[in-house]
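Written out below as structure tokens is the structure these notes cover.
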Amino acid sequence: MAKSVTTIRRPMVRNLAAGSATDNFDGLVEFARAEAEAEARHRENALDDWQILARGPFSMRLDFLPRARKAGRSGLVVAGSGRSAGRRRKVRRAAAAAPRGRLEVIPGAGHLLPFDRPDEFHPPTLDFSTEGRY
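If you number the sequence shown the way my numbering does, the last residue is 179 and the count never jumps.
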């Protein structure tokens with residue numbers, strides 16, 4: 046189990062755009078460590094169900110984009126500009142697939158936006174949720 050600070054710290058340094066210079070980095074590491082410890086204590090899986098199911102012969106081959114328009118809900122996709130070209134295409138397609146879909150790109154941000162850039166992530170998320178069009 047990833048209860049050791051070192052085991053948790055390494056991937057966070059890699060996945061946060063500012064690495065260990067991220068605001069409250071040590072607090073985020075401690076939060077993740079405490080979460081891993083609680084999951085172990087309650088005999089929960091460290092991975093979410095979708096992560097477990099996405100392994101093996103069907104690894105991430107699910108494409109729900111054709112269903113997005115049928116869902117009848119608008120969608121907000123918030124992504125960092127630090128993604129690869131392939132990932133950028135995918136997030137653009139995801140935003141375009143939903144009725145009234147919207148894409149917000151946070152310059153220089155990476156994968157963990159709510160932790161990486163909370164001051165830039167939360168305003169578009171709050172605006173979207175209060176517009177009453179979802």
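Every residue, glycine too, gets a C-beta built ideally from N, C-alpha and C.
Q | Helix, strand or coil at glutamate 165 according to DSSP, with G and I counted as helix | A | Here residue 165 is taken as the residue at index 120 of the sequence shown, counted from 1. In this structure, DSSP gives glutamate 165 a helical state, which the three-state scheme calls helix.
Q) Are there 16 or more other CB atoms within 10 angstroms of the CB of glycine 72, so buried, or fewer, so exposed? A) The sequence position of residue 72 within the sequence shown is 27, counting from 1. With fewer than 16 other Cβ atoms within 10 Å, it is exposed.
Q) Among the residues of its own chain, which have a CB less than 8 Å from the CB of glycine 146, if the five just before and after it don't count? A) To locate residue 146, count along the sequence shown from 1; it is residue 101. Only Ala113, Ser119, Gly120, Leu121, Val122, Ala139, Ala140 meet the Cβ criterion.
Q. For the 8 Å Cβ check, are there 3 or more pairs between the region 160-167 and the region 49-66?
A. The region 160-167 makes contact with the region 49-66; the number of CB pairs closer than 8 Å reaches 3 or more.
Q.
With a threshold of 7 Å (Cβ to nearest heavy atom), would glycine 127 be considered close to the ligand ADP?
A. As far as ligands go, the structure on display features none, and thus does not contain the ligand ADP.
Q) Is it buried or exposed for isoleucine 97, if we count other Cβ within 10 angstroms and need 16 for buried? A) Position 52 of the sequence shown, counted from the start, is the residue given in the question as residue 97. Exposed, because fewer than 16 other Cβ atoms sit within 10 Å of the Cβ of isoleucine 97.
(Q) Less than 8 Å between the C-beta atoms of alanine 81 and isoleucine 53, yes or no? (A) Taking the first residue of the sequence shown as position 1, residue 81 is located at position 36. Taking the first residue of the sequence shown as position 1, residue 53 is located at position 8. By the CB criterion at 8 Å, alanine 81 and isoleucine 53 fall inside the cutoff.
Q: State the Cα-Cα distance for the pair arginine 134 and leucine 157, rounded to the nearest angstrom.
A: In the sequence shown, counting from the first residue as 1, residue 134 sits at position 89. In the sequence shown, counting from the first residue as 1, residue 157 sits at position 112. So the alpha carbons of these two residues sit roughly 18 Å apart.
Q) Just the Cα atoms here: how many angstroms apart are valine 136 and glutamate 84? A) Residue 136 sits at position 91 when you count from the first residue of the sequence shown. Residue 84 sits at position 39 when you count from the first residue of the sequence shown. It is roughly 30 Å from the alpha-carbon of valine 136 to the alpha-carbon of glutamate 84.
Q | Exposed unless 16 or more other CB atoms sit within 10 angstroms - verdict on phenylalanine 109 | A | Numbered from its first residue, the sequence shown carries residue 109 at position 64. When all chains shown are included, phenylalanine 109 counts as exposed.
Q) Are phenylalanine 166 and isoleucine 151 closer than 8 Å when you measure CB to CB? A) Locating residue 166 in the sequence shown gives position 121, where the first residue counts as 1. Locating residue 151 in the sequence shown gives position 106, where the first residue counts as 1. Against a cut-off of 8 Å, the Cβ pair of isoleucine 151 and phenylalanine 166 comes out as a contact.
Q: Taking leucine 148 as part of the alpha helix (DSSP H), name the residues at either end of that continuous run.
A: Taking the sequence shown and counting its residues from 1, one reaches residue 148 at position 103. Per DSSP, leucine 148 belongs to no alpha helix (DSSP H); it is in the beta strand (DSSP E), 147-151.
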